[in-house]
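Counting along the sequence shown from 1, when you hit position 28 you're at 28 in the UniProt record's numbering, and nothing is skipped either side. Heads up, the thing below is written out as structure tokens.
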Amino acid sequence: MGRIAAADSVAVIGLGRFGRALALELMASGTEVLGIDASEDIVQDLNGQLSHVVMADSTKEDVLRQLSVHEFDRIVVAIGSDVQSSILTTSLLLSFRPQHLWAKAVNDAHGRILEQLGVQHVIYPEKEMGKRVAHLVRGSMQDYLEIGDDFALVKTKPSARFVGTPLGQLGIRAEHGVTVTAVKHAGERWTYTTADTVLAPDDVILVAGETRKAEAFGQLR
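Here is the structure:
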């Protein structure tokens, strides 16, 4: 099998729930995807939905080379149910020296091994989603995204105290330590805010700031 694409292609190894969702989202954004999984049923189910999808044993170097995986600059190891296969596959891929390699970890111990192997990006989908949902459950936020160790973006509705007055007159950053970066007025598209932006009760806003402060601001009513 020859190389399927140039710089914009991604190889996704392991097409369970996380790998499948990732591969399909990449395809939806116009990125070519080579999907690899050991399950014939999974491969058949995704046939025609990815640029290429192949049933193969990713723990064998000759198989990966036959599939031209060594030519990919971006590779994601999304194997979750078999930690041994994840580690063996990741070890082989590291010998190819890809520019970017992401690997899914199912727990902290698995993640430590991946980090010790030299994986640049270790991801914990279940753990990260659990933390995200916990923040949403605690308050009235519509969405929450933590960026780095102590910075977050919060999607929420504005408190009544911030409605009807231009943002530049509210002193939100000085009082609450956050910035209202964007707004979506009812029936309109997202736009960046300015000092002259006036919020309405039905608006949705994006708030950026330290995690604790952004969350607290999202809970104001």
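A virtual CB, placed ideally from N, CA and C, is assigned to each residue, including glycine.
Neighbourhood of residue i by C-beta distance below 7 Å, restricted to the same chain and skipping five residues each side
i	result
VAL163	LEU199, ALA200, PRO201
SER95	none
GLU115	VAL122
ILE42	LEU15
GLY57	Note that residue 57 is Asp in the sequence shown here, rather than Gly. These residues qualify, in order along the chain: ALA38, VAL63.
THR197	PRO166, LEU167, VAL183
THR193	LEU167, VAL180, THR181, ALA182, VAL183
HIS176	LYS213, PHE217
Start-to-end residues for the alpha helix (DSSP H) that takes in residue i
i	result
ILE87	83-95
Neighbour-count burial assignment, residue i, 16 or more Cβ in a 10 Å radius
i	result
ILE147	exposed
SER39	exposed
GLY209	buried
TYR144	buried
TRP102	buried
ALA214	buried
THR165	exposed
ALA105	buried
GLY168	exposed
GLY35	buried
THR90	buried
ALA6	Note that ALA6 has pLDDT 48, beneath the 50 cutoff, so the model's placement of it is unreliable and the number below is only indicative. By the 10 Å Cβ count, ALA6 comes out exposed.
HIS135	buried
GLY19	buried
residue 257	Absent from the model: residue 257. The displayed extent of the chain is 1 to 221, so no value can be given.
Cβ-based neighbour list, residue i, same chain, cut-off 6 Å, excluding 5 preceding and 5 following
i	result
HIS110	VAL83
residue 228	Lying outside 1 to 221, the shown extent of the chain, residue 228 is not represented and no answer is given.
VAL207	VAL154, VAL178, VAL180, ALA214, PHE217
VAL76	VAL12, TRP102
GLY118	LEU94
LEU220	SER159
ASP150	GLU210, THR211
SER69	What sits at residue 69 in the sequence shown is Val, not Ser. So the qualifying residues of the chain are ALA11.
Assumed close pair residue i, residue j - CB separation to whole angstroms, cut-off 8 Å
i	j	result
residue 222	SER81	Given a span of 1 to 221 for the chain in the structure shown, any question on residue 222 remains unanswerable.
GLU32	ASP8	6 Å
HIS50	ALA23	Residue identity check: residue 50 is Leu in the sequence provided, not His. Correct: roughly 6 Å between the Cβ atoms.
GLU128	LEU92	Their Cβ separation, rounded to whole angstroms, is 26 Å, which puts GLU128 and LEU92 out of contact at 8 Å.
HIS100	ASP73	6 Å
Close-in-space but distant-in-sequence residues of the same chain around residue i (CB under 8 Å, 5 per side omitted)
i	result
VAL204	GLN142, LYS155, THR156, LYS157, VAL183, LYS184
Contact with chain C by residue i, beta-carbon distance below 8 Å
i	result
GLN169	As a matter of chain content, chain C is missing from the structure shown, which is built from one protein chain.
Secondary structure, beta strand (DSSP E): runs of 3+ residues fully inside the UniProt domain "RCK C-terminal" (139-221): 143-146, 152-156, 178-184, 190-192, 204-209
Complete beta strand (DSSP E) runs within the UniProt domain "RCK N-terminal" (7-123) (minimum length 3 residues, chain order): 9-13, 32-37, 52-55, 74-77, 100-104, 121-123
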